[in-house]
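In order, the protein sequences belong to chains A and B. Per this note's numbering, residue 149 is the first one in the first sequence, and the count goes up by one each step. Per this note's numbering, residue 149 is the first one in the second sequence, and the count goes up by one each step.
Number of protein chains: 2
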Amino acid sequence: MKRRVTLREVAQRAGCSLTTASNILQGRYHLYQAQTVERVLTAARELGYRANHLARSLARQRTCTIGFILDPTHARITRSDYAQHVLDGVLAYLEPLEYDVKIISPRVTDPDSFWRRIDNGTIDGAILLAPTIGSPLLEWCQHSALPAVAAGSTLPANYSLSAVDIDNEGAMRLLVEWILQQGHREIGFVKGHPLHWSAHQRERAFRAVMGEWGYPVREEWVLQGDYSMESGQRAAEQLLRCAALPSVVLCANDGMAAGFIQACERRGIRIPEDLSVAGFDDEPLIQPVIPHLTTIRHDKYQVGYLAAQILLQQLEQGQSTPQPILLPGTLIVRHTVIAPRAVVRAGIGSPQSSEGGSKR
Amino acid sequence: MKRRVTLREVAQRAGCSLTTASNILQGRYHLYQAQTVERVLTAARELGYRANHLARSLARQRTCTIGFILDPTHARITRSDYAQHVLDGVLAYLEPLEYDVKIISPRVTDPDSFWRRIDNGTIDGAILLAPTIGSPLLEWCQHSALPAVAAGSTLPANYSLSAVDIDNEGAMRLLVEWILQQGHREIGFVKGHPLHWSAHQRERAFRAVMGEWGYPVREEWVLQGDYSMESGQRAAEQLLRCAALPSVVLCANDGMAAGFIQACERRGIRIPEDLSVAGFDDEPLIQPVIPHLTTIRHDKYQVGYLAAQILLQQLEQGQSTPQPILLPGTLIVRHTVIAPRAVVRAGIGSPQSSEGGSKR
DNA sequence: GCATATTGTGGAAGCGTTTCCATACAGGGG
DNA sequence: CCCCTGTATGGAAACGCTTCCACAATATGC
Numbered sequence: 149m150k151r152r153v154t155l156r157e158v159a160q161r162a163g164c165s166l167t168t169a170s171n172i173l174q175g176r177y178h179l180y181q182a183q184t185v186e187r188v189l190t191a192a193r194e195l196g197y198r199a200n201h202l203a204r205s206l207a208r209q210r211t212c213t214i215g216f217i218l219d220p221t222h223a224r225i226t227r228s229d230y231a232q233h234v235l236d237g238v239l240a241y242l243e244p245l246e247y248d249v250k251i252i253s254p255r256v257t258d259p260d261s262f263w264r265r266i267d268n269g270t271i272d273g274a275i276l277l278a279p280t281i282g283s284p285l286l287e288w289c290q291h292s293a294l295p296a297v298a299a300g301s302t303l304p305a306n307y308s309l310s311a312v313d314i315d316n317e318g319a320m321r322l323l324v325e326w327i328l329q330q331g332h333r334e335i336g337f338v339k340g341h342p343l344h345w346s347a348h349q350r351e352r353a354f355r356a357v358m359g360e361w362g363y364p365v366r367e368e369w370v371l372q373g374d375y376s377m378e379s380g381q382r383a384a385e386q387l388l389r390c391a392a393l394p395s396v397v398l399c400a401n402d403g404m405a406a407g408f409i410q411a412c413e414r415r416g417i418r419i420p421e422d423l424s425v426a427g428f429d430d431e432p433l434i435q436p437v438i439p440h441l442t443t444i445r446h447d448k449y450q451v452g453y454l455a456a457q458i459l460l461q462q463l464e465q466g467q468s469t470p471q472p473i474l475l476p477g478t479l480i481v482r483h484t485v486i487a488p489r490a491v492v493r494a495g496i497g498s499p500q501s502s503e504g505g506s507k508r
Numbered sequence: 149m150k151r152r153v154t155l156r157e158v159a160q161r162a163g164c165s166l167t168t169a170s171n172i173l174q175g176r177y178h179l180y181q182a183q184t185v186e187r188v189l190t191a192a193r194e195l196g197y198r199a200n201h202l203a204r205s206l207a208r209q210r211t212c213t214i215g216f217i218l219d220p221t222h223a224r225i226t227r228s229d230y231a232q233h234v235l236d237g238v239l240a241y242l243e244p245l246e247y248d249v250k251i252i253s254p255r256v257t258d259p260d261s262f263w264r265r266i267d268n269g270t271i272d273g274a275i276l277l278a279p280t281i282g283s284p285l286l287e288w289c290q291h292s293a294l295p296a297v298a299a300g301s302t303l304p305a306n307y308s309l310s311a312v313d314i315d316n317e318g319a320m321r322l323l324v325e326w327i328l329q330q331g332h333r334e335i336g337f338v339k340g341h342p343l344h345w346s347a348h349q350r351e352r353a354f355r356a357v358m359g360e361w362g363y364p365v366r367e368e369w370v371l372q373g374d375y376s377m378e379s380g381q382r383a384a385e386q387l388l389r390c391a392a393l394p395s396v397v398l399c400a401n402d403g404m405a406a407g408f409i410q411a412c413e414r415r416g417i418r419i420p421e422d423l424s425v426a427g428f429d430d431e432p433l434i435q436p437v438i439p440h441l442t443t444i445r446h447d448k449y450q451v452g453y454l455a456a457q458i459l460l461q462q463l464e465q466g467q468s469t470p471q472p473i474l475l476p477g478t479l480i481v482r483h484t485v486i487a488p489r490a491v492v493r494a495g496i497g498s499p500q501s502s503e504g505g506s507k508r
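In structure tokens, the structure reads:
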């Protein structure tokens, strides 16, 4: 393993100083005679010189590397589809800018090594992947000087941290309003994982729209889930024990919708003839299972892309005030939601409160 | 953004030299008086000192970071399920050892910047994710001094590069022999992507076992695919145009098997009553779609884990001779393969050539 | 012809560590 | 009392690069 070529050797060969070689290789040609520039450039080429980023980073006091930090409370999160898309977006934005991405997935719990693991001087900034409620990441972030942005979680305003996420509330409003417009009034809801902000946001939007339209939420139809397929199944089983059934059930994500539908069909409930079901996320992995799920689609790739962009902005023009960015979702109408029996071809309801439900 | 605490400040506060502070913080307590050790340690704690890895790397001439390098010929590979599992394994092995992982996904084609992108002094070694045939990665690797190991591709012997992969040939032999033992003789095959070594290995094993048992391969039943679901569908459509059909079709991966089965069912062919189908990979994402697919399972996580292990071994005890590691697959018998009509409850064939087909 | 810009170049001090080696001092054996 | 060994510590040179600033040499203005 032969030693790497250093700048000193290039300078020597070109017969000039380190300074000159450094400047020229950084493209500051105008400072020097064309002849000198030429000499340095050929020397570098002939020796196969590649700058040592480590030394450069140390001298420049910036590494051009950002950390993609996985929340330790998720188990093996790289396995999640979500993480992948976001990472893809991050890479897509950062690659052309010659920024590197370091994956950090702290598995230690002790706060000291945790901290050390993340911020040891090798990254300029951090993208926190979907920090959950009470995550040590957020705690860390409050005390750290390192610029950071959260990707995939909309944090409450009291965190002074930029965040990029899909607009959970807006998208859920969209869905609920559409459902109401279809004539549904008896609406069930399967909640997401209680440690995810998104779960609360989706539920809150559901309740808000119901309130605005003046329809009550029946609590026995609101079921706890945790975003997993199995929890969707459990929710279905629980719901089917109720005396009366809603006409539609909204699941806080597609996975639970899939589980829910499977469990229903196993019990002889036909979807959508007997019961309408809607999902959320338009998860491509779910599509082969439940091909016709009516759901909300949003762009996770874009979340990563924008998060990277925001972070770089912060790096370049100093810490700006944290701005939350919300990406809108779109309603994907397929075939698991139909109008409820009672109102098929009858009058369709409209909001009772004057103007609450406009989309952002 | 206040400056980081440096070693110098710790030394100053502890009233000792840089050397002393450095040594003590590296745990070389025995060199110093207990009192001094104590002073340095508390000084560091009080100031919240964290070593700058950059400077350390420069001084030590190793970065404790390895690159996880995506093949530029894959588009957006982070999206593939395969990559995720391997990455997961890599992280799992490297995290406890305090190694960092840098994701590098070169999107440039020009070989110079490509090279610079990968090896700029910031990584000690590289894990190449499933390099494909003719990939620039392999070309790079031949000329680079950086230790590297390929994960997820079994390279031909002339590449002097360690590789960790699933045992494509062995696993396919397992499957084909089992299929033959079920009594099948008329066997179709859907090939994988022609730029993946695995595709050739799987096909080669299929042909080898057929040869060893003395049964011909009917070329009109050997169809080109590319590992995608769609290509499985196309293969089915093409096969169904043949005058005669095989009794079983082996697809080189689960995705194609899923597409194949869907296309068959659409045309009224029942699986497995009319036609048996086997997959390969036991892709969890496919399972919800085709729950009962008979297939081969292997451990991608382990591929990453071992690749990382091998790489670190190379780093620590110098470049050893490249060793290929193959992880065995296991046969998962579910319900998409049944004995062919003709031989149900009849005599079962056995190898004609004496001893070719033993598992490795 | 002199003071003043302008242009091209290099010296040297960082950046924050590690580590080789030297030094200072104490104690022990002759 | 001197030499040797061993222990505790610090000086200083790396590591490879960037960049501030000074300097020399030439060109410009009056």
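Using N, Cα and C, we set each Cβ at its ideal position, and we do this for glycine too. Remember, it's a predicted structure, so these values are computed and weren't measured experimentally.
Within chain A, the residues 152, 198, 199, 200, 201, 202, 203 and 204 have their CB atoms less than 9 angstroms from the CB of residue 269(B), given in chain order. Fully enclosed beta strand (DSSP E) runs of no fewer than 3 residues occupy 273-277 of the segment 250-286 of chain A, in order along the chain.
Membership of residue 407(A) in the alpha helix (DSSP H) is indicated by the continuous run 402-414. Excluding the 5 residues flanking it on each side, residue 374(B) has same chain C-beta neighbours closer than 6 angstroms at 341, in chain order.
Taking every protein chain shown into account, the CB of residue 368(B) has fewer than 16 other CB atoms within 10 angstroms, so this residue is exposed. In its chain, beyond the 5 residues on either side, 272, 273 and 295 have a beta carbon closer than 7 angstroms to the beta carbon of residue 463(B).
When 7 angstroms is used as the limit between beta carbons, residue 413(A) is near no residue of chain B, the shortest such separation being about 13 angstroms.
When C-alpha distances from residue 283(A) are compared across 232(A), 418(A), 303(A) and 159(A), the shortest belongs to 303(A).
The DSSP-derived three-state label of residue 354(A) is helix. Excluding its 5 nearest sequence neighbours in each direction, residue 390(A) has C-beta neighbours in its own chain below 8 angstroms: 368 and 369, listed in chain order. Residue state for residue 236(A) is assigned as helix, using DSSP reduced to three classes.
Contact check for residue 317(A) against residue 353(A) passes: the beta carbons are separated by less than 7 angstroms. Closest in C-alpha terms to residue 281(B), from the list 232(B), 269(B) and 307(B), comes 307(B). DSSP places residue 424(B) in the uninterrupted beta strand (DSSP E) bounded by 424-426.
Counting other Cβ atoms within 10 Å of its Cβ, residue 321(B) reaches 16 or more and is therefore classed as buried. Note that the segment 239-255 of chain B does not touch the segment 180-187 of chain B; fewer than 3 beta-carbon pairs, one per stretch, sit closer than 8 angstroms. Taking a C-beta cut-off of 7 angstroms against chain B, the contacting residues of the segment 432-464 of chain A are 433, 436 and 437, listed in chain order. Of all residues in the segment 183-195 of chain B, none has a C-beta nearer than 7 angstroms to a C-beta of chain A. Nearest neighbour of residue 212(B) by Cα position, chosen from 238(B), 260(B) and 248(B), turns out to be 248(B). CA-CA distance, residue 456(A) to residue 232(B), rounds to 20 angstroms.
Per DSSP, the unbroken alpha helix (DSSP H) holding residue 161(B) starts and ends at 155-162. Under the Cβ criterion of 7 angstroms, residue 264(A) is counted among the residues facing chain B. Beyond the five residues adjoining it in sequence on each side, residue 458(B) comes within less than 8 angstroms, by CB distance, of 297, 310, 312, 471 and 473 in the same chain, given in chain order. The alpha-carbon of residue 415(B) is positioned some 9 angstroms away from that of residue 385(B).
Among the residues facing chain B, residue 368(A) is not included, as its CB has no counterpart in that chain under 7 angstroms away.
Under the Cβ criterion of 7 angstroms, residue 157(B) is not counted among the residues facing chain A. In terms of Cβ geometry, residue 219(B) and residue 259(B) do not form a close pair [threshold 7 angstroms]. DSSP, read as helix, strand or coil, puts residue 168(A) in helix.
Interface flag for residue 272(A) against chain B is unset, since no Cβ pair is found closer than 7 angstroms. In the three-state reduction of the DSSP assignment, residue 229(B) falls in the helix class, which pools H, G and I. Taking 7 angstroms as the CB threshold, residue 243(B) lines the interface with chain A.
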